[in-house]
Amino acid sequence: MPRSLKKGPFVDQKLLAKIDAVAEAGSDRKPIKTWSRKSMITPDFVGHNFSVHNGKTFVPVYVTENMVGHKLGEFAPTRIFRAHGGIGKK
């Protein structure tokens, strides 16, 4: 069930502060490290590099315009699929 429109999108306040700091710095393009997978991507995020934690490591995510409205965690998978069956597995 989606979030109510009257509430607006959730974005972690510390993450917004980091984005503002990077925007003021200008050319420094180090990835912004975050654990906030639940934060929604807003137009302010476009063009920034993020390192999103997947529970084990940080996954690099470059935000484009097509990602606006999605959550950061959608682009950092948490599970690894190991193939079913195969030769010698029965």
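Residue numbers (the numbering used here): 19 to 108. Even glycine gets a Cβ: it sits at the ideal position worked out from N, Cα and C. Every value quoted in this text rests on a predicted model; they were computed, and no experiment measured them.
DSSP places ASN84 in the helix class (H, G or I) of the three-state scheme. Here the region 27 to 40 makes contact with the region 50 to 69; the two share three or more CB pairs at distances below 8 Å.
Nearest in C-alpha terms to ARG97, of all of PRO49, THR75, ASN67, is THR75. Residue environment analysis places GLY104 among the exposed positions, since fewer than 16 neighbouring C-beta atoms fall within 10 angstroms of its C-beta. For the region 30 to 71, the continuous alpha helix (DSSP H) assignments of 4+ residues that do not extend past its boundaries occur at 31 to 43, in sequence order. With respect to the 8 Å criterion, THR52 and VAL70 are classified as neighbours on the basis of their beta carbons.
PHE76 is bridged by DSSP to HIS71.
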